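Q: Can you keep this structure in mind? I'll have questions shortly.
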């Protein structure tokens with residue numbers, strides 16, 4: 195593997211890690227989960243999904259959440 199190829203591979207790994215940490219891959223995982231359990235399920239748009247996540251985090255029964 196050349197130096198450029200190794201650097202590109204390392205960059206992809208870092209990018210994958212950053213996306214996982216900030217939750218950017220949550221939508222893709224959710225869509226996979228839906229299709230795995232019900233292939234005919236209505237898939238929400240990314241915007242709808244993010245709204246559901248926000249609303250779930252605002253549930254007063256779950257206590258205070260800063261993030």
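Residue numbers (the numbering used here): 195 to 261.
Every residue gets a Cβ at the ideal spot worked out from N, C-alpha and C, and that includes glycine.
Small disclaimer: the values here were computed from a predicted structure and weren't measured.
Note down the Cα distance separating residue 196 from residue 218, rounded to an integer number of angstroms.
A: Answer to the nearest angstrom: the Cα atoms are 30 Å apart.
Q: What does a CB cutoff of less than 6 Å around residue 245 pick up in its chain, not counting 5 residues either side in sequence?
A: Around residue 245: no qualifying Cβ.
Q: How many Å lie between residue 234 and residue 242 at the Cα?
A: Residue 234 and residue 242: Cα-Cα distance of roughly 18 Å.
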